[in-house]
Amino acid sequence: MIPAVDALLKDIRNKRIAPVYLIHGDEPYYLDRIAEELEKVAIPFAERGFNQFVLFGKDTDAGAVLNYARRYPFMAERQLVIVKEAQQMAGIGDKSTQTLFEDYALNPLPSTILMLCYVKEEGKSGLDERKSWVKAFGSKGKLLGVKKLYDNKIPDWVGEYCREQGAKISPKACQLLADHIGNDLKRLAGEIDKILINLHVGEEISAATVERLVGISKEYNVFELQKALTQRDVVKANQIVDYFARNPKDNPLVVILAQLFGYFSKVLLVQSSKDQTDKGLAPLLGVNPFFLKDYLTAARTFTLPKVADIIHAIRRADAQSKGIDTPTMNEGDILRELVFSILH
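If you're matching positions, the sequence shown starts at 171 in this note's numbering and goes up one per residue.
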């Protein structure tokens with residue numbers, strides 16, 4: 171859990187609730203989680219029908235939102251107004267609209283809780299916390315920005331999420347989920363929830379469990395490809411590549427290349443490190459000590475210059491996948507060429 175998010179959730183659970191909230195960033199999972207927590211706590215269940223409003227930015231504007239915010243609760247102490255995807259609200263980028271929100275945030279109605287959830291969309295600039303209307307929310311209420319987690323933090327997030335649900339999960343299962351699904355936390359949480367429904371009481375989530383319930387092939391996945399490459403198992407590596415080529419939808423090249431790049435970049439770090447102990451390497455690589463033996467084996471299998479060449483080859487494959495230099499090559503051919511260059 172991100173510390174600032176954890177602190178805000180604890181405040182809400184303990185009913186230390188502010189009159190205005192502006193939460194923003196490029197990780198919608200946490201924005202939704204904070205909003206859901208506020209929905210659970212802010213208004214008693216029996217009063218929600220008349221005093222709890224969840225709006226969506228594309229369907230509203232500042233005038234309508236503030237009309238809701240300025241009304242008085244119906245036979246209750248307070249009301250809740252949440253605007254999800256506030257970045258899609260009509261005129262949200264206009265100075266006049268921002269002034270309306272600034273004026274309200276500086277003088278909020280004590281009986282209203284107003285929350286704006288502003289998602290940073292890909293390719294667009296996010297919320298600028300230096301703007302006066304944004305600062306107004308922070309001065310009278312809660313202002314929080316949440317960034318998407320780096321890929322190397324995802325396995326730890328998976329483990330923490332499972333612990334929050336009272337479940338145990340193996341390090342390999344954490345890594346397998348992270349590699350297969352990526353940093354889409356909402357989808358990851360959904361897949362874990364699906365696994366938990368099918369677990370026996372006290373059963374640990376193992377890699378085999380993930381493979382069975384999430385639909386990952388036991389023999390043909392990136393873990394097994396990395397293993398085959400490290401063992402210089404030409405036959406197995408090509409079998410996996412052929413499987414990926416036949417199932418491109420479930421095994422997109424961009425994801426495979428990103429995972430291979432991360433793997434061999436860590437192998438390069440191992441080879442360059444003076445400290446070869448588990449205690450020194452685990453924090454350097456940002457991995458669970460359980461996986462160190464894999465990187466140490468690869469570091470012995472490939473020379474340092476060869477690993478540098480492999481990383482260069484992965485970058486070339488990435489360029490090829492974008493149509494640079496070789497626009498006629500398909501994903502399967504690009505991956506076959508890459509695997510050949512790694513093994514020879």
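We put the CB at the ideal spot given by N, CA and C, even for glycine. This structure is a prediction, so every number in the text was calculated from the model and none was measured.
Between the beta-carbon of residue i and the beta-carbon of residue j, is there less than 7 angstroms?
i           : j           : result
residue 290 : residue 195 : yes
residue 252 : residue 205 : yes
residue 377 : residue 343 : yes
residue 436 : residue 390 : no
residue 508 : residue 487 : yes
residue 301 : residue 197 : no
residue 260 : residue 231 : yes
residue 288 : residue 276 : no
residue 505 : residue 411 : yes
residue 200 : residue 175 : yes
residue 454 : residue 439 : yes
residue 375 : residue 365 : yes
residue 441 : residue 474 : yes
residue 494 : residue 434 : no
Does residue i pass the burial test, meaning 16 or more other C-beta atoms within 10 Å, or should it be called exposed?
i           : result
residue 203 : buried
residue 216 : exposed
residue 418 : exposed
residue 501 : buried
residue 469 : buried
residue 361 : buried
residue 482 : exposed
residue 490 : buried
residue 213 : buried
residue 367 : exposed
residue 371 : exposed
residue 267 : buried
Throw me the rounded Cβ distance for the residue i and residue j pair, which I believe falls under 8 angstroms.
i           : j           : result
residue 337 : residue 369 : 7 angstroms
residue 256 : residue 286 : 4 angstroms
residue 325 : residue 359 : That pair is no contact at about 14 angstroms.
residue 576 : residue 226 : The shown model of the chain, from 171 to 514, leaves out residue 576, and the question about it has no answer.
residue 341 : residue 458 : 4 angstroms
Might you give, ordered along the chain, the residues of its own chain that have their beta carbon closer than 7 angstroms to the beta carbon of residue i, omitting 5 neighbours on each side?
i           : result
residue 322 : 456
residue 407 : 395, 398, 399, 509, 513
residue 280 : 189
residue 304 : 192, 297, 298, 313
Ordered along the chain, which non-local residues of its own chain (more than five positions away) have a Cβ less than 6 angstroms from that of residue i?
i           : result
residue 284 : 190, 239, 251
residue 249 : 221, 243, 282
With distances taken from CA atoms, which of the options is nearest residue i?
i           : options            : result
residue 423 : 392, 442, 401, 449 : 392
residue 182 : 207, 300, 430      : 207
residue 345 : 374, 356, 328, 361 : 328
residue 602 : 494, 269, 179, 484 : In the structure as shown, the chain begins at 171 and stops at 514. Residue 602 is therefore absent and cannot be evaluated.
residue 273 : 258, 172, 309      : 309
residue 209 : 179, 311, 234, 320 : 179
residue 401 : 472, 443, 409, 366 : 472
residue 421 : 459, 450, 385, 446 : 385
residue 332 : 315, 311, 293, 373 : 373
Kindly list the residues whose CB is nearer than 8 angstroms to the CB of residue i, restricted to its own chain and excluding five residues on each side of it in sequence; keep chain order.
i           : result
residue 387 : 381, 413
residue 236 : 270, 271, 274
residue 245 : 217, 220
residue 356 : 198, 199, 202
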